[in-house]
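Chains as they are written, first to last, in the working numbering: chain A, 1 to 157; chain B, 158 to 431. What follows is a single structure, written as structure tokens, with notes after it.
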Amino acid sequence: MGRRFKIALFIGFILLQVAIHRYVNELKLNLDLLYLILVYISIKSGFMKTVFSAAVIGLITDFFSMQVMGVFGFSRTIIAYLLNETAPHIDLKNNTFTFLLISVSLFLSNLVANTFFYFISGTGFDSNLILYPPLLTGLLGVLIISPSSIKRHLDVY
Amino acid sequence: MNPDGEISSERKYFILVAVLFLNLVLVSNHVVLKDQRTLFQTIVGLIISPFQIGFQKTVDFISHEVKHYIFLKDSYSKYHDIKKKYTRLKYENYLLKRKLNDQDFLQKIKEKNYHFIKADVISIDRNFPLGSLMINKGSRGGITRDMIVLNEVGELVGKIVEPVSPFSSKVRLITSSIGGVGAYIDKNRLEGFLTGNNSAVCRFKYLLENKPVFKGDLIVTSGTDEIFPPDIPIGRVESIRKDYLMQDIDVKPFFIEKSIKQLIVVKKEFASGG
Numbered sequence: 001m002g003r004r005f006k007i008a009l010f011i012g013f014i015l016l017q018v019a020i021h022r023y024v025n026e027l028k029l030n031l032d033l034l035y036l037i038l039v040y041i042s043i044k045s046g047f048m049k050t051v052f053s054a055a056v057i058g059l060i061t062d063f064f065s066m067q068v069m070g071v072f073g074f075s076r077t078i079i080a081y082l083l084n085e086t087a088p089h090i091d092l093k094n095n096t097f098t099f100l101l102i103s104v105s106l107f108l109s110n111l112v113a114n115t116f117f118y119f120i121s122g123t124g125f126d127s128n129l130i131l132y133p134p135l136l137t138g139l140l141g142v143l144i145i146s147p148s149s150i151k152r153h154l155d156v157y
Numbered sequence: 158m159n160p161d162g163e164i165s166s167e168r169k170y171f172i173l174v175a176v177l178f179l180n181l182v183l184v185s186n187h188v189v190l191k192d193q194r195t196l197f198q199t200i201v202g203l204i205i206s207p208f209q210i211g212f213q214k215t216v217d218f219i220s221h222e223v224k225h226y227i228f229l230k231d232s233y234s235k236y237h238d239i240k241k242k243y244t245r246l247k248y249e250n251y252l253l254k255r256k257l258n259d260q261d262f263l264q265k266i267k268e269k270n271y272h273f274i275k276a277d278v279i280s281i282d283r284n285f286p287l288g289s290l291m292i293n294k295g296s297r298g299g300i301t302r303d304m305i306v307l308n309e310v311g312e313l314v315g316k317i318v319e320p321v322s323p324f325s326s327k328v329r330l331i332t333s334s335i336g337g338v339g340a341y342i343d344k345n346r347l348e349g350f351l352t353g354n355n356s357a358v359c360r361f362k363y364l365l366e367n368k369p370v371f372k373g374d375l376i377v378t379s380g381t382d383e384i385f386p387p388d389i390p391i392g393r394v395e396s397i398r399k400d401y402l403m404q405d406i407d408v409k410p411f412f413i414e415k416s417i418k419q420l421i422v423v424k425k426e427f428a429s430g431g
């Protein structure tokens, strides 16, 4: 049940991410669901799985964002590595820490990406990239793992 | 690996650096080649775009069915409204045709109509929604680089940039911070250069301080950039700030306030041929 639930949730996230990209102007929601998958993999998996998943998820994010290929691949890989190293020392039972872990890490990752965009194409630092997605994604991450039944299925600790 | 099956820290760092380096190679490859299609982009595009298109078609199919079979309540009154509009448009069309016939334009337009390609938007850049978007027509649909993209009413939206995969293409909007459009003020043909900054307002540059420009003036393409054909409507002047030598003019593109779910791609030979 746990494994099937996780796979269904991951597929649901990917489909929702495609929907968010299509209807971003109507929805006014700037969520990064793929990043939630990455956080989960980083917390639960070993080094190799984390780094390669981060690179793949980063490249998919690059494709969705239609910017320079490799930017999100780079930023997600660094942050996934840091998450993988630091998550064992953080109390994930506490929702505040979970929120901070997701938000701060996504903020840093997107900051790295935005810095690349700044140097490559002169794009300024944009709150649509470095502010709203970390906050909303962090909030959604906490909401998802709040119910104890989901916590049990996902086994996030 | 050590005897416990764990990866040694040196090896960890080597793998991490290798993955990061590969990503940097991808980035630098893109920067050097300036929007040329890379192998990775093509591969990733080929893998993901069928899913995007499949999803879009499924959603469109479901919403189409729902609209047609469940929400039929007000369809009869809508039908009458459309009928009225159709009759009015038919009459307007008749009048316009007569005018065009007088100027011998109609035959030329008919010859060139097949150069338009209709496309649906499948994805919008989430981080910079006014930077770029992706459409569901690619190289198999006859799309190539630098084709111009209009909205449903023929106002300028942007142009095709690579990657162009077989089933999808990237459109850089005129509001993007990259690139620009040669443009002039329609009523007096004063020329400038229109650039975006990923916001809903573009900047019309290089117009001298003493040249007349007013709020509400229509801005159209000039054709001097040799990418966008002349006289395509872009937007209207929203605000003007006089500077020492030049004027800072903000232009609000027409496409911002309209739906960009469906777009029209103009084939290159027609675009450059005027």
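Ideal Cβ positions, reconstructed from N, Cα and C, are used throughout, including at glycine. These numbers come from a predicted model, not from an experiment.
- Within chain A, not a single residue places a beta-carbon under 9 Å from that of Ile239 (chain B); the smallest gap is close to 24 Å.
- Taking C-beta atoms as the reference points, Ile391 (chain B) and Phe273 (chain B) fail to come closer than 8 Å.
- Per DSSP, Val51 (chain A) is one residue of the alpha helix (DSSP H) stretching across 47-65.
- Taking 8 Å as the cut-off, the beta carbon of Asp62 (chain A) is found no closer than this to the beta carbon of Pro133 (chain A).
- Per DSSP, Arg76 (chain A) is one residue of the alpha helix (DSSP H) stretching across 71-86.
- Under DSSP, the beta-bridge partners assigned to Tyr341 (chain B) are B:Glu348, B:Val377.
- The C-alpha of Ser234 (chain B) lies about 30 Å from the C-alpha of Phe411 (chain B).
- Leaving aside the five residues that flank Leu402 (chain B) on each side, the residues in its chain whose CB is nearer than 8 Å to its CB run, in chain order, Leu365, Glu366.
- In this chain, the alpha helix (DSSP H) harbouring Val104 (chain A) covers 95-121.
- When rounded, the separation of the alpha-carbon atoms in Tyr35 (chain A) and Ser109 (chain A) is 10 Å.
- For Val142 (chain A), the enclosing alpha helix (DSSP H) has its first and last residue at 132-145.
- Using a Cβ distance threshold of 8 Å, Phe52 (chain A) and His21 (chain A) do not count as a contacting pair.
- Separation of Gly122 (chain A) and His225 (chain B) (C-alpha to C-alpha, rounded to the nearest whole angstrom) is 47 Å.
- Per DSSP, Asp91 (chain A) has no beta-bridge partner at all.
- A Cβ-Cβ separation of about 7 Å places Val370 (chain B) in contact with Leu347 (chain B) under the 8 Å criterion.
- Leu364 (chain B) sits in coil when the DSSP states are folded into three classes, being neither helix nor strand.
- In this structure, Phe212 (chain B) places its C-beta atom within 8 Å of the C-beta atom of Val18 (chain A).
- Under the three-pair Cβ rule at 8 Å, the segment 40-54 of chain A does not count as touching the segment 294-312 of chain B.
- The beta-carbon distance between Ser396 (chain B) and Lys368 (chain B), rounded to whole angstroms, is 16 Å. This is too long to meet the 8 Å contact definition.
- Its Cα nearest to that of Asn284 (chain B), the residue A:Asn30 stands out among A:Gly12, A:Ile7, A:Asn30.
- For Phe371 (chain B), the three-state secondary structure derived from DSSP is coil.
- At least 8 Å separates the CB of Phe350 (chain B) from every CB of chain A.
- By the Cβ rule, the segment 113-131 of chain A does not count as touching the segment 319-331 of chain B, because fewer than three pairs are nearer than 8 Å.
- Counting along the chain, the unbroken beta strand (DSSP E) around Val423 (chain B) starts and ends at 419-423.
- Judged by pairs of C-beta atoms under 8 Å, the segment 96-103 of chain A does not touch the segment 68-81 of chain A, as fewer than three such pairs exist.
- Between the C-alpha atoms of Ser280 (chain B) and Tyr23 (chain A) there is a straight-line separation of about 8 Å.
- Taking 8 Å as the threshold, the shortest C-beta distance from Thr86 (chain A) to chain B does not fall below it.
- Shown here, Val223 (chain B) sits in a helix according to DSSP, grouped into three states.
- Contact note: Met291 (chain B) reaches chain A through Met66, using a C-beta cutoff of 8 Å and chain order.
- Pairing Leu15 (chain A) with Ile204 (chain B), the inter-Cα distance amounts to about 15 Å.
- If you draw a straight line from the Cα of Thr381 (chain B) to the Cα of Gly124 (chain A), it comes to about 28 Å.
- For Ser42 (chain A), the enclosing alpha helix (DSSP H) covers residues 33-44.
- Taking 8 Å as the CB threshold, Ile102 (chain A) stays off the interface with chain B.
- For Ala55 (chain A), the neighbours in chain B by C-beta distance under 8 Å run, in chain order, Val176, Leu179, Asn180.
- Pairing Gly202 (chain B) with Leu290 (chain B), the inter-Cα distance amounts to about 14 Å.
- Residue nearest to Val176 (chain B) within the set A:Ala54, A:Lys6, A:Ile41, A:Ile37 is A:Ala54 (criterion: CA-CA distance).
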